[in-house]
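By numbering that gives the first Met the number 0, the letter at position 84 of the sequence shown is numbered 83, and the numbering carries on one by one without gaps. Here a beta-carbon is modelled for each residue, glycine too, at the ideal position from N, C-alpha and C.
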Amino acid sequence: MSTIIRTDNLTRHFGSKIAIKGLNLEVYSGEIFGLVGPDGAGKTTTLRLLCGLLDPTEGQVFIDGYNVTTNLQQVKDRIGYMAQRFGLYGDLTVEENMLFYADLFGIENGERKELMAQLLKMTRMETFLDRKAYQLSGGMKQKLALMCTLLHHPQVLFLDEPTAGVDPVSRRDFWKILYQLVKKGVTIFITTTYMDEAERCNRIGLIHKGCLIHCDSPTAMRNRIEEECYEIQCPDRRKVRELLQNLKGVLSIEPSGSVLHLFLSPKLTSVVIFEKVGSENKRRPAIFKKITPSLEDIFIASIRKVSVN
């Protein structure tokens with residue numbers, strides 16, 4: 000696999016605040032790479048550094064071998080950037096927005112007609128060609144933004160939380176489009192807070208407070224975790240949590256929907272102890288079930304390790 004995005008010790012300061020700290024990352028050609036983390040973790044700052052919209056305080060970024068700082072024009076010709084906020088013109092129609100961006104990219108009339116037809120078909124937006132952008136739903140606005148970003152055939156597509164606030168059906172359709180693009184050879188770098196979207200990526204990077212914690216495939220991340228994870232079904236989650244959280248070997252115990260997820264250090268604990276502790280109500284005892292941790296569990300566990308160290 001060839002590397003198409005590379006960062007070397009990428010760092011960005013805003014005054015005294017370090018937003019991105021020593022980021023070393025490689026993204027391979029033709030993959031979907033997801034940068035995952037909570038709000039304020041540094042996802043958008045990273046994306047803007049990769050696209051050349053921000054200059055690094057330290058370190059370097061390379062896109063397809065070109066240094067983003069010294070060869071910005073060559074980089075711009077190879078990338079597409081879709082910001083988190085809808086940045087198109089609400090008073091223009093879908094077609095007018097696409098024509099405007101085709102003019103910006105210098106796409107000739109003959110080529111733009113064929114390309115626009117392909118993009119409209121791919122996104123199923125043909126019937127909305129004459130609709131004003133402000134009249135579109137959230138999902139359709141994102142499709143329009145994506146089409147405009149794709150007009151100049153970018154090799155790398157940067158997407159900043161593209162499905163934030165979009166309904167589930169539109170999110171599913173959007174990802175179908177991304178898979179079509181990958182089949183055509185486009186590399187996709189996407190930021191997201193949604194763990195179900197992280198599952199769809201070939202590889203993901205977990206970022207926290209500007210630092211990259213882990214980088215691997217979702218499956219590999221699950222396999223590398225050393226702790227044991229248990230799901231606890233119990234009538235009184237608060238009471239069970241209080242009983243368990245300070246016991247030896249308990250690394251964390253957090254709510255997850257209607258149950259609790261318990262992380263144990265296998266070297267220090269035995270689940271039998273917790274079954275006894277959690278079964279105070281004999282009629283409705285706490286039920287422990289060993290599970291494969293979700294990506295959300297892994298992220299929480301990873302943050303905990305970083306905070307302890």
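Residue i, buried or exposed, once every other Cβ within 10 Å from all chains shown has been counted against 16
i    : result
G109 : exposed
F287 : buried
Q141 : buried
M0   : exposed
Y100 : buried
L267 : exposed
L24  : buried
T43  : buried
D102 : exposed
V168 : exposed
F13  : exposed
Cα-Cα separation between residue i and residue j, rounded to whole angstroms
i    : j    : result
Y229 : I62  : 42 Å
D88  : A219 : Reading off the sequence, residue 88 comes out as Tyr, not Asp. Approximately 42 Å between the Cα atoms of the pair.
L145 : H213 : 29 Å
I78  : Q154 : 6 Å
N66  : G184 : 22 Å
D129 : T92  : 5 Å
R240 : L143 : 47 Å
S136 : T191 : 20 Å
N222 : E113 : 46 Å
K175 : L246 : 46 Å
A197 : P292 : 14 Å
Q59  : T126 : 44 Å
Opening and closing residue of the alpha helix (DSSP H) in which residue i lies
i    : result
C228 : Unbroken run through C228 is the beta strand (DSSP E), 227-232; no alpha helix (DSSP H).
R170 : 167-182
E253 : Taken as a continuous stretch (DSSP letters only), E253 belongs to no alpha helix (DSSP H), being part of the beta strand (DSSP E) at 249-255.
L205 : Element bounds for L205: not the alpha helix (DSSP H) but the beta strand (DSSP E), 202-207.
K131 : Element bounds for K131: n/a, residue is neither H nor E.
K238 : 236-243
Start-to-end residues for the beta strand (DSSP E) that takes in residue i
i    : result
F262 : 258-263
D159 : 155-159
D7   : 2-13
D195 : Per DSSP, D195 belongs to no beta strand (DSSP E); it is in the alpha helix (DSSP H), 194-197.
V26  : 16-27
L211 : 210-215
K142 : No beta strand (DSSP E) holds K142; the alpha helix (DSSP H) holding it covers 137-149.
Rounded Cβ spacing between residue i and residue j (contact assumed at less than 8 Å)
i    : j    : result
F157 : Y80  : 5 Å
R111 : P55  : Contact doesn't hold; Cβ gap of about 35 Å is too wide.
S251 : I299 : 7 Å
D159 : A82  : 6 Å
L242 : L261 : The Cβ separation is near 11 Å, so there is no contact.
I3   : V35  : About 20 Å; that fails the 8 Å criterion.
Whole beta strand (DSSP E) runs in the segment 30-86 with 3 or more residues, listed along the chain? 31-35, 57-62, 78-81
At 4 residues or longer, what runs of the alpha helix (DSSP H) sit wholly inside the segment 102-127? 108-122
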